[in-house]
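Let me begin by presenting the structure, written as structure tokens, before commenting on it.
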Amino acid sequence: MAMTLNLDAYWMPYTGNRQFKKDPRMIEAAQGVWFTDGDGRQVLDGHSGLWTSGLGHARPEITEAVRCQMEQLDFCPPFQFGHPKAFELATKIAGLMPEGLDHVFYTNSGSESADTSLKMARAYWQLKGARQKTRFIGRQKGYHGVNFGGVAVGGIPANKKLFGEVLETDHLSHTVLPQNAFTRGMPEQGAYLADELELFVERYGAETIAAVIVEPMGGSAGVLPPPVGYLQRLRALCDQHDVLLIFDEVITGFGRCGAMTGADAFGVVPDILNVAKQLTNGAVPMGAVIASSEIHDTFMANGGPDYVLEFAHGYTYSAHPVACAAGLAALDILVDEKLPQRVAADAPFFEALLHDQLSDKPHVSDVRNYGFAGAITLEARGDEPLRRPYEVAMAMWERGVLVRYGGDTIQMAPHFVMEKKHMEQMVGTLAECLKLLK
Ligand code: PXG
Ligand code: PLP
């Protein structure tokens, strides 16, 4: 129980530590769409963990796969050695990716996927002899994790402020336009914002730009579906100027958008696609970077003698056997239960709930959604944009619903298996709590 625990030593990530330690929100168990808190209360998980656990928590198939793997092979050195499940899972992942994305490099998180993809892009151009192609273009409001590369291409000011700049980057404008407020699904306006890439090509020269990295649908900044035609335009410009396109699909990968990937949902194929989170249903940390054959084959063709490393990069825990076992079990469930299709089928219900119940509530300045992702933006109270989302999320926790609050937004991410009545409970509780705001 919270009261007997010493809370001092644990420096919590992305948490208001002082507030939490005054009023802890302890989670002690999870099952399906429910958490059990420190007082034994059932709390509805309105965020699929942290966009991680769309299959529902504690799936017995994953538990069993992990248990068996621990007994058989608890660890395998990933450098110069391999184990069968790493290959099996890579084949399975490649089979679920858009045509042409065939080669899987394992990481342990979305942040590691971001930095891996950036290094892969730079190295690719070095191997092609384009030695100046080192610059990256991200997008405002982009989130690519917390490692140095990801922070540099990221576009959330609060995540960058204290850490300095380490890469040559620039950022496309974000796509949240005032005229698109309260749009259901993809906004009509904004495809032209992709044309800003032309400005960067003029300013820096295409011969200095390695890659553009974007989330096909922004997640952390509060659910930002791409404007109609935007990603197509970005793809065309990248092709025209010989710039790689990286999709960070740490949130959109494996079902969240009602398709296997965001690339599928929006009909645009990148050169590199990053995943994490839903790959193992969040049960064991794992991420991956999936590269086109052109990129992979360029490394292989330029590697020198065959005992020499083609890519001097990797993590001690890349392809961890326990994570591979969890990933195989999780992807089997996702496919067997046709969960991306279920998300697509139920997304209109979730969309209607969000817009019908939340648009008219006090201080709500926008409602956005796509697939099983929904968010609202709240007007700042005075000069405190973060206060209302915090207050709403705390009031919801008191009423037994967990949602994510970040920046000036509240975010919801139903489990792919969530029943409609639980979506109603989640959105209904939010509507109630919004009425309490000052
Ligand atoms: N890229 C994207 C697009 C992400 O959403 C990461 C990279 C980093 O992944 P790791 O596993 O290193 O955390 C993410 C993570 C939120 C929220 O509030 C979202 C994330 C992390 C924390 C909070 O939506 N996404
Ligand atoms: N730091 C030291 C001193 C190490 O020896 C290693 C790995 O061997 C690392 C960092 C990197 O750790 P990881 O491979 O888990 O990212």
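Residue 122 is where the sequence shown starts when you use this note's numbering, and the numbers rise one by one after that.
C-beta: ideal position from N, C-alpha, C; glycine also.
The set of residues with CB atoms less than 6 Å from any heavy atom of ligand 1 reads, in chain order, 171, 172, 230, 231, 232, 235, 264, 265, 266, 336, 340, 341, 369, 371, 372, 397, 525, 527, 532. Across the structure, residue 316 and residue 305 are spaced so that their CA atoms are roughly 24 Å apart. Listed as beta-bridge partners of residue 292 by DSSP are 259.
Per DSSP, residue 338 lies in no beta strand (DSSP E) segment and is marked neither H nor E. In chain order, 210, 213, 214, 217, 375, 400 place their CB closer than 8 Å to the CB of residue 452, counting only its own chain and leaving out the 5 sequence neighbours on each side.
DSSP places residue 152 in the strand class (E or B) of the three-state scheme. Look at the segment 373-451 and you find these whole runs of beta strand (DSSP E), each 3 residues long or longer: 393-396, 408-413. As DSSP reads the structure, residue 366 sits in a beta bridge with 333. When 486, 490, 493 are compared, the shortest CA-CA separation from residue 501 is found for 486.
Collapsing the DSSP output to three states places residue 480 in coil. Excluding five sequence positions before and after residue 464, the CB atoms of its chain that fall closer than 6 Å to its own CB belong to 376, 379, 492, 493, 537, given in chain order. Under a 10 Å Cβ-count criterion, residue 479 is classified as buried, with 16 or more other Cβ atoms of the shown protein chains found around its own Cβ. In this model, residue 387 and residue 394 are separated by some 14 Å (Cα to Cα). As summarised for the segment 480-525, the continuous alpha helix (DSSP H) elements at least 4 residues long and confined to that stretch are 508-519, given in chain order.
Look at residue 533 here: in three-state DSSP terms it is strand. Taken through DSSP and simplified to helix, strand or coil, residue 163 comes out as strand. DSSP places residue 297 outside any alpha helix (DSSP H), giving it a letter other than H or E. When the Cα atoms are used, residue 534 and residue 173 turn out to be separated by approximately 9 Å. Under a 10 Å Cβ-count criterion, residue 351 is classified as buried, with 16 or more other Cβ atoms of the shown protein chains found around its own Cβ. Here residue 271 has 232, 235, 236, 265 as same chain residues with Cβ atoms under 7 Å from its own Cβ, once five neighbours each way along the sequence are excluded.
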